[in-house]
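**Student:** Residue numbers (UniProt numbering): 1 to 314.
Here it is, the structure in full.
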């Protein structure tokens, strides 16, 4: 990151950021049970200077670089740069599409499955679910439906682009997410007639049976791992690129009980964020069931939920 002067003035709009950096340094020191002398030794400054830093009195770019190394974060991240926020699903999915276009690999943790791996039939059902999920309090229902159609057009464009480029995809799937998906079915709300719910559960089963076949045949460029239990609750995707790899965190749901109307999504290229999420996914992947083992786990879940359906009389 380039800053013209080695001396940073308080009149440049950065004083609030410096105060936040100071608070972050103090929080780190307290969390690690370190004294001001310990921090001073790490940064090569006096104890009094540490207290000034914690008050936000930062005047040299060199000390910012030292703090970023000490906290193990990038300088842009320390300064609050390199993070994007999206409160609009369409804008966020477009940003995902842009990132995917330049990606060498995509690594994801979604509930229940990445939209890039779902069938065309599912995308048709998703429209029905999203329309069902529109609140009765929405003032302009037609406008909400038009927004859903724009989102679905973009999602389909992303899927087609990924298939065309054959970008390698690694996806973590949680067994509990799959089980909930099967039990609830492809529904956007809970007040549907029993006959409709039965149809939606059957559609969910069809989608998971298709996922079983995908895992068994392992198409080139597609790797799916089934995690026993619950994977991280955060929905995220890692974009491995030649430069500036990125991570997206999404509040939007495209599985059971879908949601594209509310939430704040995050995009970051901060190296430490990419690293932490990659380490998390690697750890999940190491213990995940793949290939025949993964398919067998899904079939056991299919059998178990089929028994529940039979017992409910649906």
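The beta-carbon is built from N, C-alpha and C at its ideal position, and this holds for glycine as well.
1) How would you write the range of the alpha helix (DSSP H) that residue 246 sits in, first residue to last?
2) Going by DSSP in three states, residue 113 sits in which element: helix, strand or coil?
3) Using 8 Å as the limit for Cβ to Cβ distance, is residue 184 near chain B?
4) What are the start and end residues of each continuous beta strand (DSSP E) run of 3 or more residues lying completely inside the segment 252 to 302, in chain order?
5) For residue 22 and residue 270, which I take to be in contact (beta-carbon distance under 8 Å), what is that distance rounded to the nearest angstrom?
6) Report, in whole angstroms, the separation of the C-beta atoms of residue 26 and residue 54, which I expect to be a contact under 8 Å.
7) Which residue from 50, 228 and 221 puts its Cα closest to that of residue 175?
8) Below 6 Å CB to CB, which residues in the same chain sit around residue 222 once its five sequence neighbours on both sides are set aside?
9) Consult DSSP for residue 187 and reduce its assignment to one of helix, strand or coil.
10) Check whether the Cβ atoms of residue 134 and residue 144 lie closer than 8 Å to each other.
11) Grab the span of the alpha helix (DSSP H) containing residue 101 for me, first residue to last.
12) When DSSP builds the beta bridges, which residues end up paired with residue 171?
13) Could you tell me which residues DSSP puts in a beta bridge with residue 84?
14) Check each candidate in 305, 172, 76 and 71 and name the one with the smallest Cα separation from residue 116.
15) So, at 8 Å on beta carbons, what are the nonlocal neighbours of residue 1 in its own chain, with the 5 sequence-adjacent residues on each side left out?
16) Which stretch, first to last residue, makes up the alpha helix (DSSP H) that contains residue 237?
17) Quick one: what does DSSP say residue 60 is sitting in, helix, strand or coil?
18) On the DSSP letters alone, give me the boundaries of the alpha helix (DSSP H) that residue 32 sits inside.
19) Counting only the same chain and skipping the five closest in sequence on each side, list residues whose C-beta sits under 8 Å from that of residue 259.
20) So what does DSSP say about residue 139, is it helix, strand or coil?
21) Among the residues of its own chain, which have a CB less than 7 Å from the CB of residue 51, if the five just before and after it don't count?
22) Check whether the segment 286 to 298 touches the segment 205 to 212, counting contact only when three or more Cβ pairs, one atom from each stretch, lie closer than 8 Å.
**Tutor:** So, from the data block:
1) No alpha helix (DSSP H) contains residue 246, which is instead part of the beta strand (DSSP E) from 246 to 250.
2) coil
3) Chain labels in this structure do not include chain B; a single protein chain is all it has.
4) 265 to 268
5) With a Cβ gap of about 20 Å, residue 22 and residue 270 do not count as contacting.
6) 4 Å
7) Looking at 50, 228 and 221, the one whose alpha-carbon comes closest to that of residue 175 is 228.
8) 169
9) coil
10) yes
11) 89 to 101
12) Per DSSP, 108 and 224.
13) 267
14) When each option's Cα is compared against that of residue 116, the closest is 172.
15) Note that residue 1 has pLDDT 35, beneath the 50 cutoff, so the model's placement of it is unreliable and the number below is only indicative. Around residue 1: 75, 76, 79 and 81.
16) Segment 235 to 240 is the beta strand (DSSP E) holding residue 237; no alpha helix (DSSP H) there.
17) strand
18) Neither: residue 32 is in no alpha helix (DSSP H) and is coded neither H nor E.
19) Result list for residue 259: 133, 251, 252 and 253, in chain order.
20) coil
21) Listed in chain order, the non-local C-beta contacts of residue 51 below 7 Å within the same chain comprise 36, local neighbours out to five positions each way being set aside.
22) yes
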